[in-house]
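Residues are numbered in our numbering as their position in the sequence shown, beginning at 1, plus a constant of 247.
Worksheet: the structure to be examined is printed underneath.
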Amino acid sequence: MKKNTAQYLTLIGIAFALSVPTVMADEKKEKKDEQFKECFAARLWSVSGRSLNNGELPEKTVKVPEGWKVVAGGGGASGARNEAFMILCR
């Protein structure tokens, strides 16, 4: 009985191992083929590192509109301030 169970589990493991690369390849292809027609950058509410270390969070958060996807984020200087932003596309 134990030998049959071990063989059965081995076959399941082999089938799973063989299917994973196919699933991953399909997922990568879908992402590669994805093209966006519209994109924009949105500034984020922010809080200083010191405030964050003290447990404080920003007063508000940015809600991603339905149908839009966050594709990147970053930060940059705007005048004398550094500002965080996210790029949304659809």
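Here a beta-carbon is modelled for each residue, glycine too, at the ideal position from N, C-alpha and C.
Rounded to a whole number of angstroms, what is the C-alpha to C-alpha distance between residue i and residue j?
i, j, result
"Pro-312", "Arg-297", "30 Å"
"Val-316", "Glu-303", "Residue identity differs from the one stated: residue 316 is Lys in this sequence, not Val. Roughly 27 Å separates the two Cα atoms."
"Leu-291", "Lys-310", "10 Å"
"Ser-295", "Ala-289", "19 Å"
"Arg-328", "Ala-319", "20 Å"
"Asn-300", "Phe-283", "37 Å"
"Ala-331", "Arg-337", "21 Å"
"Pro-305", "Met-333", "16 Å"
Which of the three DSSP states, helix, strand or coil, is assigned to residue i?
i, result
"Arg-337", "coil"
"Phe-283", "coil"
"Gly-314", "coil"
According to DSSP, what are the bridge partners of residue i?
i, result
"Gly-340", "With the chain running from 248 to 337 in the structure shown, residue 340 is simply not present."
"Asn-329", "Ala-324"
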